[in-house]
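So the structure is just underneath, and the comments pick up after that.
Residue numbers (the working numbering): 633 to 765.
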């Protein structure tokens, strides 16, 4: 089942705090999959409810499977205040909302169980298929 997640920035250039693995086809360079690999604790991505292992299907309404790797990254990096994702969760991950928090306006903003798995440096070399946003 797919779930909508909205990442809300306070400024257009604020980082999302998200490490993703992008797998693309060697022939036509189209994206085959986008998977969340890292969440910085306290980041927009972690507070949104995203979890390590979530698979991203669309960014801002654009199907990632119709994009090249570079275009997919550009969708995440746009200078808009909100980034809307459609994701699916690995079936071993809990869908519990018991650990969710609310922001100043009382809106649910995320899950407190975010995990960090790899160092930031591993996500800054775009040729390796990993990207840190």
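By construction, the Cβ of each residue, glycine as well, lies at the ideal position given by its N, Cα and C atoms.
This structure is a prediction, so every number in the text was calculated from the model and none was measured.
Whole-angstrom C-beta distance between residue j and residue i, which should lie under 8 angstroms
{"i": "residue 717", "j": "residue 637", "result": "5 angstroms"}
{"i": "residue 696", "j": "residue 666", "result": "5 angstroms"}
Closest Cα partner of residue i within the set the options
{"i": "residue 693", "options": "722, 708 and 700", "result": "708"}
{"i": "residue 681", "options": "648, 702, 697 and 711", "result": "648"}
{"i": "residue 634", "options": "713, 699, 686 and 701", "result": "686"}
{"i": "residue 640", "options": "651, 661, 711 and 721", "result": "711"}
{"i": "residue 664", "options": "762, 699 and 650", "result": "699"}
Alpha carbon of residue i to alpha carbon of residue j, nearest angstrom
{"i": "residue 676", "j": "residue 688", "result": "16 angstroms"}
{"i": "residue 705", "j": "residue 659", "result": "19 angstroms"}
{"i": "residue 671", "j": "residue 764", "result": "10 angstroms"}
{"i": "residue 668", "j": "residue 683", "result": "7 angstroms"}
{"i": "residue 656", "j": "residue 642", "result": "31 angstroms"}
{"i": "residue 703", "j": "residue 691", "result": "11 angstroms"}
{"i": "residue 719", "j": "residue 646", "result": "21 angstroms"}
{"i": "residue 652", "j": "residue 701", "result": "11 angstroms"}
The ligand ATP heavy atom lying under 7 angstroms from the CB of residue i
{"i": "residue 664", "result": "For the structure depicted, the ligand ATP is absent and the ligand set is empty, with no information on it obtainable."}
Any C-beta of chain B under 8 angstroms from that of residue i
{"i": "residue 674", "result": "Although the question refers to chain B, the structure presented lacks it and comprises just one protein chain."}
Burial state of residue i, where buried means 16 or more other Cβ atoms lie within 10 Å
{"i": "residue 627", "result": "Only positions 633 to 765 of the chain appear in the structure, and residue 627 is not among them; the question remains open."}
{"i": "residue 674", "result": "exposed"}
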